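Asks: One structure, as structure tokens, below. Some questions next.
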């Protein structure tokens, strides 16, 4: 007798089932409340957890049952064990799908059932119901994977369901859960950069000139001898007439090159035949500069938003392959951004907590870090950046500080040997001290927001003013004319207060 593959594969469970049915042995009562198995008899899919069982019951006696797959125990997807003449145990052996065909005594097909053996989605569904109550999440088996479907109220609920599913199927989780209402997050960022600078400059500059003009000397920072204006001398001649001669003027010390227009003390005196013009340069500077940027960004939960206030500078890039003019490799130009930038990725959790990845950066062109290649000078960048992940509630703020930078420089100019003499050497040297300190502070405040409701007019700053007339400009000196205020509602006409929405910022 020819036996097809299915019959041969299911021979052992089929023989056991036939023997039990023929002998009329009293078998165990089917496990109740397995409506899934009963639905499967009408044609469908029976999901069997791995290493667990389901009961299949029929409305009439079962004479023969065939199950597909390999008959080797380590490769068998599912096995069947008879309970009564109308019920069968289906045991999940290995991940996969197969089919079960039931026949009656007349050889007619009772039902063909698709059996899917996979992770225990029944236990997974129970855990989802307990840990995420009210979230309509469904779990099903697809081959050896778990498929999650449904619509939840927040991305956090979808993420928690996926984490639970990974405990049953590892990485074989297909997450098809959708979020019902996409939350939008507005982030207000304030960049405050404080630049403190202090400098001191102390030096002595002197100019000496002999009376005959045969000797001249100058010392000091930036000391420079400038020829004086020529002098015209007219001499009468004995026979009448005159003779005109131009005599070079005495050299002078250029004070503007020593200092600026501030911090100069000057004294002129004579020592023997020398005329000495001494200048004391004493200057102390203090400076404070503040830079502030306040960008505002809006992004959907789970999406990334970025901001840049600055510019881009060109950078030549040599391309590999090909040849340009004269056989040289081709050169293209790329642009590198600099300035104040911000990138953040918000995620709204189930309890309205906002989890954010924030990446602020402040950069500026630094000529001291430039690179020169041939005739091309490529500037460098001085960059300060931070990257952090944190959780905040709506309206809470956090600050990133400590991005501190200090520069210190001291310069001493002196005459060799003379400038090294204690006390007296101060007359022959100049000292310059410069100290710069920069601190960057970043404050971030997130808000949960949503678009305005339909019919609500949004006001702009330009709505508050209108262009003045010529008479108002000339006669009254008005540069702008304020708009009249919106008239108040008439008495008795009560205006309904708008309903507050927790997605808006009030």
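Numbering (mature numbering (1 follows the signal peptide of the UniProt record, and there is no 0)), first residue to last: -35 to -1, 1 to 471.
We put the CB at the ideal spot given by N, CA and C, even for glycine.
These numbers come from a predicted model, not from an experiment.
1. For chain D, find out if any of its Cβ atoms is closer than 9 Å to the Cβ of residue 365; answer yes or no.
2. For residue 296, I'd like the list of residues in its chain whose CB is within less than 6 Å of its CB, leaving aside the five on either flank, ordered along the chain.
3. Using the rule of at least 16 other Cβ atoms within 10 Å of the residue's Cβ for burial, across every protein chain shown, is residue 132 buried or exposed?
4. If you run the structure through DSSP and keep just helix, strand and coil, what is residue 268?
5. Looking only at its own chain, which residues have a Cβ that is under 6 Å from the Cβ of residue 114, when we skip the five neighbours before and after it?
6. Out of curiosity, what's the CA-to-CA distance linking residue -3 and residue 12?
7. Could you give the distance in angstroms between the alpha-carbon of residue 264 and the alpha-carbon of residue 101?
8. Just checking my contact of residue 473 with residue 64 at CB under 8 Å: how many whole Å lie between their CB atoms?
9. Ordered along the chain, which non-local residues of its own chain (more than five positions away) have a Cβ less than 7 Å from that of residue 97?
10. Residue 158: buried (16+ other C-beta within 10 angstroms of its C-beta) or exposed?
11. Identify whether residue 125 lies in helix, strand or coil by the three-state DSSP scheme.
12. How many Å lie between residue 546 and residue 162 at the Cα?
13. Tell me which residue opens and which closes the beta strand (DSSP E) that residue 439 is part of.
14. Using the rule of at least 16 other Cβ atoms within 10 Å of the residue's Cβ for burial, across every protein chain shown, is residue 300 buried or exposed?
15. At the level of alpha carbons, what is the spacing between residue 71 and residue 83?
16. For a minimum of 3 consecutive residues, which ranges assigned as the beta strand (DSSP E) are wholly contained in the segment 7 to 34?
17. Taking its Cβ as the centre, do 16 or more other Cβ atoms sit within 10 Å of residue 34, making it buried, or is it exposed?
18. Thinking just about the alpha-carbon of each residue, which of 67, 90, 40 and 309 is nearest to the one in residue 356?
19. Any idea what DSSP makes of residue 91, helix, strand or coil?
20. Can you give, in chain order, each stretch of the alpha helix (DSSP H) that sits fully within the segment 34 to 116 and has at least 4 residues?
21. Shortest alpha-carbon distance to residue 343 belongs to which of 57, 279, 403 and 354?
22. Report the residue from 74, 128, 16 and 30 whose alpha carbon sits nearest the alpha carbon of residue 85.
23. Quick one: what's residue 378 bridged to in DSSP?
24. Does the distance from the C-beta atom of residue 138 to that of residue 119 stay below 9 Å?
25. Identify the continuous beta strand (DSSP E) that holds residue 299 and give its terminal residues.
26. Rounded to whole angstroms, what is the Cα-Cα separation between residue 341 and residue 408?
27. What's the gap between the Cα of residue 40 and the Cα of residue 107?
28. How is residue 258 classed by DSSP in three states: helix, strand or coil?
29. Go through its chain and collect everything with a Cβ distance to residue 81's Cβ below 6 Å, but skip five positions before and after it.
30. Quick check on residue 321: buried or exposed, where buried means 16 or more other Cβ atoms within 10 Å of its Cβ?
31. Pick helix, strand or coil for residue 361, following the three-state DSSP scheme.
32. When we look at the beta-carbon of residue 5 and count the other beta-carbons within 10 Å, is it buried (16 or more) or exposed?
33. Among all the DSSP beta bridges, which residues are the ones paired with residue 423?
34. Using DSSP with H/G/I as helix, E/B as strand and the rest coil, what is residue 141?
35. Tell me whether the beta-carbon of residue 345 lies closer than 9 Å to the beta-carbon of residue 305.
Replies: On the basis of the supplied data:
1. The structure shown contains no chain D; it holds only a single protein chain.
2. Only 281 and 283 meet the Cβ criterion.
3. With fewer than 16 other Cβ atoms within 10 Å, it is exposed.
4. Of the three classes helix, strand and coil, the one that applies to residue 268 here is coil, per DSSP.
5. Only 103 and 141 meet the Cβ criterion.
6. For residue -3, the pLDDT reaches just 30, beneath the cut-off of 50, and the residue's location in the model is therefore unreliable, leaving the point undetermined.
7. If you take the alpha carbons of residue 264 and residue 101, they lie about 27 Å apart.
8. This structure leaves residue 473 out entirely; the chain is present only between -35 and 471.
9. For residue 97, where only same-chain residues beyond five positions count, the Cβ hits under 7 Å are 122, 125 and 126.
10. So residue 158 ends up on the buried side.
11. Residue 125 falls in the helix class under three-state DSSP.
12. Absent from the structure is residue 546, since the part of the chain shown begins at -35 and ends at 471.
13. It is not in any beta strand (DSSP E) - residue 439 instead sits in the alpha helix (DSSP H) that spans 435 to 439.
14. So residue 300 counts as exposed.
15. Spanning the two alpha carbons is a distance of roughly 34 Å.
16. Listed in chain order, they are 9 to 14, 18 to 22 and 29 to 32.
17. Residue 34 comes out buried.
18. Closest by alpha carbon: 309.
19. Residue 91 falls in the helix class under three-state DSSP.
20. Runs found: 86 to 96.
21. Considering only alpha carbons, the answer is 279.
22. Residue 16 is the option with its Cα nearest to residue 85.
23. According to DSSP, which records beta bridges pairwise, residue 378 is partnered with 395.
24. Contact: no.
25. Where residue 299 is concerned, the enclosing beta strand (DSSP E) starts and stops at 296 to 313.
26. Residue 341 and residue 408: Cα-Cα distance of roughly 39 Å.
27. Cα to Cα, the separation comes out at about 19 Å.
28. Note: residue 258 maps to strand in three-state DSSP.
29. Excluding residues within five positions, the ones whose Cβ falls inside 6 Å are 10, 12, 62 and 106.
30. Burial call: buried.
31. If DSSP states are grouped into helix, strand and coil, residue 361 belongs with coil.
32. Unreliable positioning characterises residue 5 in this predicted model, as indicated by a pLDDT of 39, which lies under 50. A coordinate reading is not provided.
33. Answer is none; residue 423 lacks a bridge partner.
34. DSSP, read as helix, strand or coil, puts residue 141 in coil.
35. No, they are not a contact pair.
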